[in-house]
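Just below is one structure, and these are the notes that go with it.
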Ligand code: NPQ
Ligand code: MG
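Residue numbers (this note's numbering): 1 to 367.
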């Protein structure tokens, strides 16, 4: 496929409710969409970076800059581009996995639309629907409990609470008392040190599915030590930056569960390789979320349909985040599950009117 143009489009979508984490509160999602055109097809990708480099080194304007200056030019200069060959084509640019993943998804989408194949089928999906969880931001306890109640009523099969030092045992106890049988887990987004092992062990009696990313991204040995001092399984998110790192983390005993996010590992093809590393060792994985629109959500749901994704993901319904998604058919929860798209590529169609209304800027790059 010869790529004729790469379009970088910034959109702003209001969130239905503020999402508060240790890194701050998001009220609107500032999103970079990538559209490639080749012959008579187009392909769409979505960059998961947040506006500030507080959660990850990448941020929206930085991702846009590296796409404009370094990634898109390599793709536009190539006589022919395949999604499978993109990793090598972009390897001279070090890092920037979220920017690369967005471009890869656009190329994959275009390629698969040409061939009439779905992304799910291409990645190796074995399910037609996926089991969904929901991630709840940090709120005062009464508000947090009300939100959890509403998500349980809506049918979510698993709830994830965000924790940090000073906000951990109390919210977990409050939610567990109201929902004794709920599949419940927590995500610390690297907010603890291994010195807090006793505090984290105090979560053990609440029968959590896992503690996600308690320690710093680069502290694999700390996670291995912590794993020996708590009984709740440790899951890694931020630490797992590639399939190779996943192998290392598992070899060290740093985690028993892996959160897979395509943006964090440079694309959906590497995400499949993370899945494969884990599946080979019977380590369960689940699909993370970054408050995606229907474009990234569709790809996540396709990924979550692979055999090793045996735990509910942060693949929530579109209406958990957006009143009006940019795709014509938003993802709707059905008995706690989302349907895996079967149409060509990601299988979703961008709504031109919603897109136009949300657009802040567009730049088109050509060879
Ligand atoms: C995670 N995702 O698993 C994240 C990260 C995340 C769905 O919990 C503002 C700043 C909002 C940082 C939302 C979910 C954020 C943020 C989510 C990080 O770690
Ligand atoms: Mg996480």
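Beta carbons are placed, not taken as given, at the ideal position from N, Cα and C, and that holds for glycine.
Distance cut-off 8 Å: residue i Cβ against heavy atoms of the ligand NPQ
| i | result |
| --- | --- |
| residue 314 | yes |
| residue 213 | yes |
| residue 55 | yes |
| residue 351 | no |
| residue 98 | no |
| residue 290 | yes |
| residue 26 | yes |
| residue 162 | yes |
| residue 137 | yes |
| residue 207 | no |
| residue 167 | no |
| residue 23 | yes |
| residue 30 | no |
| residue 187 | yes |
| residue 50 | yes |
| residue 309 | no |
| residue 331 | no |
Span of the beta strand (DSSP E), counted from its first residue to its last, around residue i
| i | result |
| --- | --- |
| residue 135 | 133–136 |
| residue 337 | 337–339 |
| residue 2 | Looking at the DSSP string, residue 2 is not in any beta strand (DSSP E), and its letter there is neither H nor E. |
| residue 424 | Because the chain in this structure spans residues 1 to 367, residue 424 falls outside the shown range and cannot be described. |
| residue 285 | 285–287 |
Span separating the alpha-carbon of residue i from that of residue j
| i | j | result |
| --- | --- | --- |
| residue 294 | residue 311 | 21 Å |
| residue 114 | residue 219 | 43 Å |
| residue 245 | residue 152 | 35 Å |
| residue 327 | residue 351 | 5 Å |
| residue 201 | residue 17 | 32 Å |
| residue 250 | residue 279 | 11 Å |
| residue 141 | residue 133 | 20 Å |
| residue 301 | residue 317 | 10 Å |
| residue 24 | residue 135 | 15 Å |
| residue 157 | residue 79 | 47 Å |
| residue 59 | residue 189 | 17 Å |
| residue 214 | residue 335 | 31 Å |
| residue 184 | residue 323 | 26 Å |
| residue 26 | residue 69 | 28 Å |
| residue 283 | residue 210 | 13 Å |
Residue-level contact to chain C via CB, residue i, 9 Å cutoff
| i | result |
| --- | --- |
| residue 255 | The question asks about chain C, but that chain is absent: this structure has only one protein chain. |
Contact test: residue i Cβ vs the ligand MG heavy atom, cutoff 8 Å
| i | result |
| --- | --- |
| residue 238 | yes |
| residue 219 | no |
| residue 300 | no |
| residue 88 | no |
| residue 276 | no |
| residue 153 | no |
Sub-9 Å separation of residue i and residue j beta-carbons
| i | j | result |
| --- | --- | --- |
| residue 349 | residue 329 | yes |
| residue 299 | residue 46 | yes |
| residue 49 | residue 365 | no |
| residue 257 | residue 12 | no |
| residue 82 | residue 41 | no |
| residue 186 | residue 172 | yes |
| residue 119 | residue 347 | yes |
| residue 273 | residue 238 | no |
| residue 104 | residue 138 | no |
| residue 159 | residue 148 | yes |
| residue 227 | residue 234 | yes |
| residue 252 | residue 216 | no |
| residue 305 | residue 126 | yes |
| residue 319 | residue 332 | yes |
| residue 338 | residue 19 | no |
| residue 1 | residue 56 | no |
| residue 34 | residue 76 | no |
| residue 354 | residue 325 | yes |
| residue 340 | residue 308 | no |
Opening and closing residue of the alpha helix (DSSP H) in which residue i lies
| i | result |
| --- | --- |
| residue 114 | 97–115 |
| residue 158 | Careful: residue 158 lies outside any alpha helix (DSSP H), inside the beta strand (DSSP E) at 158–162. |
| residue 198 | 197–201 |
| residue 119 | 119–123 |
| residue 183 | Counting along the chain, residue 183 falls outside any alpha helix (DSSP H), though it belongs to the beta strand (DSSP E) covering 183–187. |
| residue 170 | 169–178 |
| residue 64 | 60–66 |
| residue 154 | 141–154 |
| residue 76 | 72–77 |
| residue 294 | 294–303 |
| residue 327 | Careful: residue 327 lies outside any alpha helix (DSSP H) and carries neither H nor E. |
Could you tell me which uninterrupted alpha helix (DSSP H) segments, each at least 4 residues in length, are contained entirely in the stretch 22–52, listed from first to last along the chain?
Within the stretch 22–52, no complete alpha helix (DSSP H) run reaches 4 residues.
What are the uninterrupted segments assigned as alpha helix (DSSP H) that are 4 or more residues long and contained completely in the stretch 218–260, given in chain order?
The stretch 218–260 contains, as complete alpha helix (DSSP H) runs of 4+ residues, the segments 220–229, 243–252 (chain order).
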